[in-house]
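Everything below concerns the one structure shown next.
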Amino acid sequence: MNDKIAFSTAKAPRPAAAYSQGVRKGGILQVAGQVPVDPETGLVIGETVGEQTRQAMENVQAVLAEAGSGFDDVIMVRVHLTRREDFAEMNAVYEKYVREPFPARTTVFVGLAEGLLVEIDALAVVG
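Heads up: the sequence shown runs through residues 12 to 138, numbered per my numbering.
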């Protein structure tokens with residue numbers, strides 16, 4: 012299984028540009044950065060980073076599921092936050108989705124589109 016396969020689900024927001032929600036090649040699955048957008052309405056969910064983190068993680072989870080995977084297969088997560096002071100609140104929500112052994116993670120502070128406080132992507136190894 013060395014073909015590159017794209018995954019798409021209506022349970023996560025549609026890509027806003029030329030990229031796939033998720034791509035698998037062999038046993039590697041990359042989930043594109045997911046923002047806190049409700050896939051049904053196209054609107055940003057939440058005003059706090061906690062609310063937005065929950066929606067972003069739900070979107071990541073939906074793409075993982077579409078590819079036959081889940082957070083237990085995730086080995087790396089990248090979290091993009093707009094404000095340093097939101098780290099603890101984001102982390103409290105994030106911890107509800109992952110369990111030991113935890114994936115590796117990088118958190119960076121960036122500029123995101125208006126109204127977005129967080130974006131999250133994931134790398135998984137699947138069978």
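Quick reminder that beta carbons are idealized off the backbone N, C-alpha and C, glycines included.
Model, not experiment: these values are computed from the prediction.
DSSP beta-bridge partners of residue i
i, result
"GLU58", "In the DSSP output, where bridge partners are listed per residue, GLU58 has none listed."
"ILE86", "Its beta-bridge partners do not exist; DSSP assigns none."
"ALA17", "VAL34"
"LEU40", "ARG35 and ALA135"
Nearest-angstrom Cβ-Cβ length linking residue i and residue j, presumed shorter than 8 Å
i, j, result
"THR20", "VAL74", "6 Å"
"GLY138", "GLY38", "7 Å"
"GLU100", "GLY126", "About 17 Å; that fails the 8 Å criterion."
Near the ligand SAH: residue i beta-carbon under 8 Å from a heavy atom
i, result
"MET101", "In the structure shown, the ligand SAH is absent, as is every other ligand, since no ligand is present at all."
Own chain residues within Cβ distance below 7 Å of residue i, not counting five before or after
i, result
"ALA67", "GLN45, VAL46, PRO47, VAL129, GLU130 and ILE131"
"GLN41", "GLY33, VAL34 and LEU134"
Run of the beta strand (DSSP E) containing residue i, from where it starts to where it stops
i, result
"ILE34", "For the record, residue 34 in the displayed sequence is Val; it is not Ile. Segment 33 to 36, the beta strand (DSSP E) holding VAL34."
"PHE120", "115 to 120"
"ALA135", "129 to 136"
Other residues of its chain near residue i: CB distance less than 6 Å, five sequence neighbours each side excluded
i, result
"ALA115", "MET87"
"ARG65", "VAL104"
"HIS91", "VAL119, VAL121 and GLU130"
"ASN13", "GLY37"
Member of the options whose CA lies at the smallest distance from the CA of residue i
i, options, result
"GLU77", "ALA23, GLU51 and THR52", "ALA23"
"GLY53", "VAL90, ALA27 and ILE16", "ALA27"
"LYS36", "LYS15, ALA43 and VAL55", "LYS15"
"ILE107", "GLY57, ASP83, ALA124 and GLU96", "The amino acid at residue 107 is misidentified as Ile; the sequence shows Lys. Ranking GLY57, ASP83, ALA124 and GLU96 by Cα distance to LYS107 puts ASP83 first."
"ASP49", "ASN70, PRO112, ASN102 and ARG89", "ASN70"
N- and C-terminal bounds of the alpha helix (DSSP H) containing residue i
i, result
"VAL104", "98 to 105"
Residues near residue i in its chain [Cβ-Cβ closer than 8 Å; skip 5 each side]
i, result
"VAL85", "LEU75, VAL109, PRO114, ALA133, LEU134 and ALA135"
"ARG94", "VAL60, PHE120 and LEU128"
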